[in-house]
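To start, the structure itself, in structure tokens.
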């Protein structure tokens with residue numbers, strides 16, 4: 070990024086926030102704090118009204134707006150890819166908003182860039198989303214998060230016959246294991262809880278606002294509540310299976326070493342049951358080297374499955 074583009078990006082960054090420190094700007098742009106100071110001084114000399122508050126940070130003078138800026142082809146391309154991922158990983162409430170945003174971007178592009186973006190969109194694809202039960206509107210939850218509004222909803226907990234009414238203060242939204250999860254302070258349980266959005270129903274954003282709890286940090290919550298994989302196994306996979314291992318167990322690959330006839334992977338897991346079930350799906354393309362306990366679990370699970378199918382052959386309709 071040349072200096073002119075960098076200074077323009079810094080104006081946009083300041084314009085999108087009420088106040089920001091030099092350290093925050095340095096972290097965002099990958100620059101030193103000294104460079105940020107020089108850039109801010111250059112912007113001030115160029116007539117950009119930057120207000121500095123000692124001990125607080127920097128801000129643009131209220132009322133200052135940068136004239137409309139055209140999107141570069143690369144930025145438009147990035148939005149097209151982002152739109153595709155939004156379609157894949159969110160619901161209709163958010164996807165509709167994204168389609169509207171992309172349409173507005175398309176409208177301000179030149180005719181040539183519009184054609185280019187259309188060609189790119191036709192050349193992009195993702196696998197279909199797995200069918201999920203109807204879930205709470207992600208758009209509504211996002212708005213409640215941004216507006217610090219208390220949510221009321223009914224929640225179908227695992228193993229419960231009927232959903233329970235809940236009132237919660239939303240603090241974060243996380244996507245993992247193919248589901249969106251609302252992290253919120255539950256007033257019923259008086260603790261932070263992880264609510265799967267596909268188990269939430271009759272969601273209402275109330276008019277009550279809440280003050281965020283100062284002890285909460287989303288990254289810390291994820292690190293402390295999601296168990297770290299402490300179990301390790303060494304498994305040899307046949308050559309054609311190695312790519313699948315990297316695709317499906319990528320977060321738990323500790324090491325890989327090519328050997329004659331395949332690849333030895335060191336895999337980390339939270340529990341043996343899940344790893345064993347996954348390894349069984351490889352059939353003879355996976356061989357556990359260690360630990361012995363995991364091999365015993367595979368033998369027991371495989372034997373139980375074989376006996377089940379022997380005793381229950383099924384009937385053709």
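Numbering (the numbering used here), first residue to last: 70 to 386.
Quick reminder that beta carbons are idealized off the backbone N, C-alpha and C, glycines included.
These figures come from a predicted structure and were not determined experimentally.
How big is the Cα-Cα spacing for residue i and residue j?
{"i": "residue 118", "j": "residue 129", "result": "6 Å"}
{"i": "residue 308", "j": "residue 315", "result": "12 Å"}
{"i": "residue 255", "j": "residue 98", "result": "37 Å"}
{"i": "residue 358", "j": "residue 375", "result": "23 Å"}
{"i": "residue 182", "j": "residue 146", "result": "10 Å"}
{"i": "residue 206", "j": "residue 229", "result": "22 Å"}
{"i": "residue 138", "j": "residue 287", "result": "33 Å"}
{"i": "residue 351", "j": "residue 343", "result": "14 Å"}
{"i": "residue 169", "j": "residue 95", "result": "32 Å"}
{"i": "residue 143", "j": "residue 186", "result": "10 Å"}
{"i": "residue 337", "j": "residue 290", "result": "21 Å"}
{"i": "residue 281", "j": "residue 125", "result": "20 Å"}
{"i": "residue 123", "j": "residue 75", "result": "24 Å"}
If I measure Cβ to Cβ from residue i and keep anything under 6 Å in the same chain, skipping five residues before and after, which residues do I get?
{"i": "residue 285", "result": "240"}
{"i": "residue 83", "result": "129"}
From the DSSP output, in three-state form, read off residue i for me.
{"i": "residue 263", "result": "strand"}
{"i": "residue 276", "result": "strand"}
{"i": "residue 237", "result": "strand"}
{"i": "residue 133", "result": "coil"}
{"i": "residue 123", "result": "coil"}
{"i": "residue 386", "result": "Only weak support exists for where residue 386 lies, its pLDDT of 47 falling under 50; the value from the coordinates is given anyway. The answer is coil: DSSP assigns residue 386 none of H, G, I, E or B."}
{"i": "residue 108", "result": "helix"}
{"i": "residue 56", "result": "Nothing can be reported for residue 56: it is not among the residues displayed for the chain, which extend from 70 to 386."}
So which of the options has the shortest CA-CA distance to residue i?
{"i": "residue 237", "options": "251, 87, 226 and 323", "result": "251"}
{"i": "residue 275", "options": "114, 222, 123 and 90", "result": "222"}
{"i": "residue 226", "options": "134, 188, 235 and 167", "result": "235"}
{"i": "residue 73", "options": "84, 108, 293 and 86", "result": "108"}
{"i": "residue 278", "options": "215, 132, 78 and 89", "result": "215"}
{"i": "residue 246", "options": "217, 163, 295 and 360", "result": "295"}
{"i": "residue 265", "options": "210, 313 and 292", "result": "210"}
{"i": "residue 373", "options": "346, 322, 174 and 259", "result": "346"}
{"i": "residue 327", "options": "340, 321 and 312", "result": "312"}
{"i": "residue 135", "options": "154, 112 and 148", "result": "112"}
{"i": "residue 176", "options": "364, 121, 140 and 153", "result": "140"}
With a cut-off of 9 Å, does the C-beta of residue i fall near any C-beta of chain B?
{"i": "residue 74", "result": "Protein chain content of the structure displayed is limited to a single chain, and chain B is not contained in it."}
Between residue i and the rest of its own chain, which residues show a CB-CB distance below 7 Å, the 5 nearest in sequence each way excluded?
{"i": "residue 349", "result": "367, 370 and 371"}
{"i": "residue 158", "result": "244"}
{"i": "residue 213", "result": "220, 239 and 274"}
{"i": "residue 386", "result": "With a pLDDT of only 47 at residue 386, under the threshold of 50, the placement of this residue in the model should not be trusted; the figure read from the coordinates follows. No residues qualify anywhere along the chain."}
Residues in the same chain with beta-carbon distance under 8 Å from residue i, minus the five sequence neighbours each way, listed in chain order, please.
{"i": "residue 151", "result": "167"}
{"i": "residue 87", "result": "128"}
{"i": "residue 104", "result": "95"}
Assess, as a yes-or-no matter, whether the segment 291–310 is touched by the segment 328–345 under the definition of 3 or more beta carbon pairs within less than 8 Å. yes
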